[in-house]
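Participant: The structure follows.
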Amino acid sequence: MQLVQIAQQPATLEGKSLVLPAVSVGNVGQLALDLLINTAAAPCTGRLQTTCLLPCIGRGAYDHQPAESLATPLELYIPKVGSVAYLQQRSPAALGQQAVFAKQLAEQLQKLRPEEVVVLASLDAAGRFDHQLSQPPVSFRSSSPELSQRCQALDIPELQAAPASEPAYEDSPDQTFQQGSAEICKSLRPACMVYSSPPWCFSGRAFYQLQLVKLEEARKYIPPEFKIVSAFGHTLGGFYLARYSDSPVGAFDELVVLSGLIWDFPASCAWAARVYVNDKDARTHGKQHVGLPSRVASFSQRPPSSNFQGPHQTWWNEGLQTPAAPLNPGDYRASSGSAAISSSSSSNESHPEGVVIRNEERTGSRWPFRSGPRQLQSPVCCLSLPAAHHGRRGPQISLPLPSFSGGTADHPGLLQYTVQLKANMRPVKAARVCAALPSPEDGHTSSSEAIQSLLTGRPVIAFAFDNMQMTVAQPREPAKFKRRLEPYVPQLQAVC
1 MQLVQIAQQP ATLEGKSLVL PAVSVGNVGQ LALDLLINTA AAPCTGRLQT TCLLPCIGRG
61 AYDHQPAESL ATPLELYIPK VGSVAYLQQR SPAALGQQAV FAKQLAEQLQ KLRPEEVVVL
121 ASLDAAGRFD HQLSQPPVSF RSSSPELSQR CQALDIPELQ AAPASEPAYE DSPDQTFQQG
181 SAEICKSLRP ACMVYSSPPW CFSGRAFYQL QLVKLEEARK YIPPEFKIVS AFGHTLGGFY
241 LARYSDSPVG AFDELVVLSG LIWDFPASCA WAARVYVNDK DARTHGKQHV GLPSRVASFS
301 QRPPSSNFQG PHQTWWNEGL QTPAAPLNPG DYRASSGSAA ISSSSSSNES HPEGVVIRNE
361 ERTGSRWPFR SGPRQLQSPV CCLSLPAAHH GRRGPQISLP LPSFSGGTAD HPGLLQYTVQ
421 LKANMRPVKA ARVCAALPSP EDGHTSSSEA IQSLLTGRPV IAFAFDNMQM TVAQPREPAK
481 FKRRLEPYVP QLQAVC
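For the sequence shown, counting from 1, position 40 maps to 40 in full-length UniProt numbering; every step adds exactly one.
Okay, structure coming up:
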C-alpha cells in the first residue's frame, strides 16, 4: 500500500483521531463518514493505492470539492483545523485479498501514527442476540479504558457480549468489533472469501510427534477404503502442532490429531482424525474446501508448577512472551507411555510449562456421532513440550507429502492433495500429553472417547520443524475411489 499525496499539506496524523469505516451491513459506516467529511469540508490530502481493493472511480463526492475532482477507492481527508482525520473506503477488498488488505492497512496506520483509531461498522437486527435488541442502536467496543470512559460519559452504552446462556455464534456482534483496525477488517470479511486461489502458502514452525495407536482405535476414524499400515496390532498416530506466523488468514495455531498411517502406493500418509485451529476462517476453509474435520479451539499457556526445577521456556513460546492460563488438574489425566495418573495426584506433581487446548466449537446436534450436549470450551488436552532450543538448527529438508481427507458432512467424497514441506528438521524430546477426561455431565466414559486413545499412546519419535515453508495444493477427488454419497461416521459415541 502506497500513500500518494495530492495536497501541499503533509499527510501526518500525529495527535489526531482517525475515523474509518468497515465495509459492513448497509454501508452505514461509509455513509456516516461521508456526512462527517462533507460537514467538516475536509480536503483530500492523499490517496492510498493498493491492488487489494476492487477498482472504482467517480466524480467528486462532496460539496466543497471541484466538479472535475475524482473519487477513488481509498482516500485520506485531513481538515485544516481540528484533531480528527478521515479515511474513506469506497470499495470492498477483492476475493482472497481481505487478509492482505488488513495487514497493509495496519502497517500504513503505523507509519501515519494516529493517536487513536475509530472504526464505524454496522450490524442488522438479525445478527444480534435477544438481549441486544433492547439496547440503543448505537454502542461501542474499545481497547482503551480512557476511550471507554469518554464514550460512557456521552451516554453511549458498551456493546455487551453474549451471556453464557447464549453461545457466541460466528456472526456474533461480540466478534464484530475487535482491537485495532486490522482485526476489525478481518472479523468482518466473509469466511468463504478469505483464501485466494491455490496453492496456499503457510510459514512458521511445527512440532510433530509419532505415537503408537491401537489398530482398532485408529480404524474408528479411518474410512474402510484405506489400508492401515500396522504391526503387532498398532499403527503410528500422534499429533502435529504448528504455530503459523503467516498464512492466507495471518498468524494462527493448529493441532492435528493423527489416527494412523494409511497406505497409498507407493507411499503412506497420516490420516487426520481431528484438526483444532484458533481461527474461524481457517476452520471454515478446512471443512468446506479441504474436507478436514476442523474445530475452533483456544490455545493457552499453562504455567509450570512452583516445585518444577527444569527450564521454564519451552518450544511453544520460543522467543515469545505469552500469558499464562490456569489449568484445572482434575480436567486431565497424564500419559506418556506410562499409566495414567489420577487427577488427585496430578495437582501435586511437578510439571513444566504446558499448552492447554480447549474445544470452542459452537455446533448443534446435527453431528451424527454426538450423543449428548456439547460443552463450550471443553478441554481437549495439555501438551508439556520440550525446552526451547537456542542452538543451531537442523539440516534443511524438502519433502512432497501426499495427503488424503474427506468423508465428512461437508465433503462425503474422499479428497487427495499434496503438501510441499521445506524446513530445518531436528529430533527433539517427546512431549508429555495430558488428555482430557470425559465430562460426567455428558455421561461419556473414557472407553468411548477415541480421541484420548490417539493422544495418549506411547511416543516413538518427535521432530521440530524450524523456518518452515508449507505449500498446499488444490484438493481433488481421486478416481480410484468410488464417490461417496454419505459422510463416513466415526464408530464412537462422543468426540471432543
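For each residue, glycine too, the CB sits at the ideal point set by N, CA and C.
1. Between the C-alpha atoms of K214 and A387, what's the straight-line distance to the nearest angstrom?
2. Determine whether the beta carbon atoms of A273 and S294 lie at a separation below 7 Å.
3. Shortest alpha-carbon distance to V256 belongs to which of D264, R302, A282?
4. Just to confirm, are G238 and Q209 a CB contact at a threshold of 7 Å?
5. So, for I228: in the same chain, excluding its five sequence neighbours on each side, which residues have a beta-carbon less than 8 Å away from its beta-carbon?
6. Helix, strand or coil, according to DSSP, for C434 in the structure here?
7. Going by the CB atoms, is the gap between W200 and V472 shorter than 7 Å?
8. CB V245 to CB G204, shorter than 7 Å?
9. Just reading off the alpha helix (DSSP H) that N38 is part of, what are its end residues?
10. Is it right to say C405 is buried, meaning 16 or more other beta carbons lie within 10 angstroms of its own, or is it exposed?
11. Which residue from D63, D155, Q49, H289 puts its Cα closest to that of R90?
12. Say whether the stretch 115-125 touches the stretch 17-33, bearing in mind that this needs 3 or more beta-carbon pairs closer than 8 Å, one atom from each stretch.
13. I'd like the list of long-range same chain contacts for G180, defined as Cβ closer than 8 Å, with 5 residues on each side in sequence excluded.
14. Using the Cα positions of L33 and S83, report the straight-line distance between them to the nearest angstrom.
15. Shortest alpha-carbon distance to K429 belongs to which of P459, H411, K422, Q416?
16. Could I get the ranges of all uninterrupted beta strand (DSSP E) runs contained in the stretch 206-290, with 3 residues as the minimum, in chain order?
17. On the DSSP letters alone, give me the boundaries of the beta strand (DSSP E) that Q88 sits inside.
18. With distance defined between alpha-carbon atoms, name the residue in G250, G354, A435 nearest to F101.
19. Which whole-angstrom value is the C-beta distance of E353 and P303, which I expect to be below 8 Å?
20. Note the first and the last residue of the continuous alpha helix (DSSP H) segment covering Q149.
Facilitator: On the basis of the supplied data:
1. 29 Å
2. no
3. A282
4. yes
5. L215, A218, R219, I222, T235, G260, L261, I262, W263
6. strand
7. Cβ atoms of V472 and W200: closer than 7 Å.
8. Looking at the sequence provided, one finds Ser at residue 245 rather than Val. A contact, by the Cβ cut-off of 7 Å.
9. 28-40
10. The question names Cys, yet the displayed sequence has Ser at residue 405. The residue is buried, with at least 16 neighbouring Cβ atoms inside 10 Å.
11. Q49
12. A contact exists between the stretch 115-125 and the stretch 17-33.
13. Here G180 scores only 44 on pLDDT, less than 50, and its place in the model is too uncertain to base an answer on.
14. 15 Å
15. P459
16. Listed in chain order, the complete beta strand (DSSP E) runs (minimum 3 residues) inside the stretch 206-290 are 234-246, 252-264, 267-277.
17. 84-89
18. Closest option to F101, Cα to Cα, is G250.
19. 6 Å
20. 145-153
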